[in-house]
Amino acid sequence: MVELVTGHANKAHATAEQAAGLNAGILGLDDYVLDVHDKLKITVVSANKVTIGTGELVMQGRHVSQGTPEDLIVTNGSQGQKRNDLIVCRYTKGSQSVESAKLVVVRGTPTTGTPTDPAVNTTSPLDGGTTYDMPLYRIPLDGITIGTPVALFNVLKPMSDVWDSLTRMPYILCGGHTITTNNDGTFYINVQSPNGKKADYAAYTIGPFGNGFSQAGEYTAQRWDTSDVNQIRFRLWNTKDNRWCGRVAIFGSWIAIWNRQ
1 MVELVTGHAN KAHATAEQAA GLNAGILGLD DYVLDVHDKL KITVVSANKV TIGTGELVMQ
61 GRHVSQGTPE DLIVTNGSQG QKRNDLIVCR YTKGSQSVES AKLVVVRGTP TTGTPTDPAV
121 NTTSPLDGGT TYDMPLYRIP LDGITIGTPV ALFNVLKPMS DVWDSLTRMP YILCGGHTIT
181 TNNDGTFYIN VQSPNGKKAD YAAYTIGPFG NGFSQAGEYT AQRWDTSDVN QIRFRLWNTK
241 DNRWCGRVAI FGSWIAIWNR Q
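Take a look at the structure:
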């Protein structure tokens, strides 16, 4: 059954699931750190403590805010062994459908070989999952030493940044018509400039001629003048005799393009 979410219903009716669905639909079905505040920057404080800075993230449509830096304890490493720990943002849906989020250090398995990342919870709350982990950092440990943390998240750029990277499509006008050229072979196409400027490109393709002209391939229309923003002038050229045509009835199609600046 359809339900109006963004509207007054005279009762409490908007849910967290609906808000998450809207966020996921707009931002994408993935996990992102937003490009604000400290972007959850990590700082290694000691051999067993790191600090996660301020930031905002969206995980599976759920918005989570880190208003103040937070210290996290990393279990000490062991001499002669390596380990990968993960710092995750963990979403939990508990009893009575109460939802929460917190930063968690997921401890990996020590090994003398090549360490692997520990398992995390991957069932999205959008699919009914009650526990979900968004990996933020990999913490490599070599013996008792914490290595350089590795960021595992994508930073979602704001629309203002993305807009400048988009290719702007040009304005395009086109049409077809029958016209009789002037005595010097010129003719005009009336257009309505979409940006108040003259066309950056214009072309005319000749179709079947009028009475007495059957060799359409022997004639071309050349762009002659575009100084008028609302009018494009062409001139008909006889390719067989290498001369400008005189008065001729023609049919053709035209196209004009204005680049977006």
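Here the sequence shown is numbered in full-length UniProt numbering, starting from 1 and rising by one per residue. Glycine included, C-beta positions come from ideal geometry on N, C-alpha and C.
Item	Value
Hey, how far is the Cα of residue 229 from the Cα of residue 176?	19 Å
For residue 176, which beta-bridge partners are listed by DSSP?	253
Can you tell which of 35, 203, 220 has its C-alpha closest to the C-alpha of residue 255?	203
Between residue 149 and residue 44, how many whole angstroms is the CB-CB distance? I'm expecting something under 8 Å.	7 Å
Would you kindly work out how many angstroms separate the C-alpha atoms of residue 178 and residue 163, rounded to a whole number?	42 Å
Hey, could you find the ends of the beta strand (DSSP E) residue 238 is sitting in?	231 to 238
Which whole-angstrom value describes the C-beta separation of residue 71 and residue 54, a residue pair presumed to lie in contact below a C-beta threshold of 8 Å?	Their Cβ separation, rounded to whole angstroms, is 13 Å, which puts residue 71 and residue 54 out of contact at 8 Å.
With distances taken Cα to Cα, identify the nearest neighbour of residue 226 among 138, 258, 243.	258
Looking only at DSSP bridge pairs, what is residue 258 linked to?	171
Straight-line CA distance for residue 260 to residue 197?	10 Å
With distances taken from CA atoms, which of 106, 74, 131 is nearest residue 95?	131
Pull up the distance between the alpha-carbon of residue 92 and that of residue 100, whole angstroms please.	5 Å
So what's residue 26 in DSSP terms, helix, strand or just coil?	helix
How would you call residue 73, buried or exposed, if buried means at least 16 neighbouring beta carbons within 10 angstroms?	exposed
Quick one: what's got a C-beta closer than 6 Å to residue 168's C-beta in the same chain, skipping five residues either side?	260
Tell me the rounded alpha-carbon separation between residue 188 and residue 240.	23 Å
Excluding the 5 residues flanking residue 40 on each side, which residues of the same chain have their C-beta closer than 8 Å to its C-beta?	33, 52, 53, 54, 55, 57, 66, 136, 153
Using alpha carbons as the reference points, say which of 16, 139, 63, 122 lies closest to residue 133.	122
Output the boundary residues of the beta strand (DSSP E) element that contains residue 59.	55 to 59
When you compare each of 90, 10, 185, 158 to residue 223 by their alpha carbons, which one comes out closest?	185
Starting from the C-beta of residue 79, find all residues in its chain whose C-beta is less than 6 Å away, skip the five residues before and the five after it, and write them out in chain order.	143
Should residue 146 be labelled buried (16 or more other beta-carbon atoms within 10 Å of its own) or exposed?	buried
In this structure, does DSSP put residue 85 in helix, strand or coil?	strand
Once DSSP output is grouped into helix, strand and coil, what is the label at residue 38?	coil
Does residue 125 come out as helix, strand or coil in the three-state DSSP assignment?	helix
Would you mind giving the Cβ-Cβ distance between residue 117 and residue 138, rounded to the nearest angstrom? I have them listed as a contact below 8 Å.	6 Å
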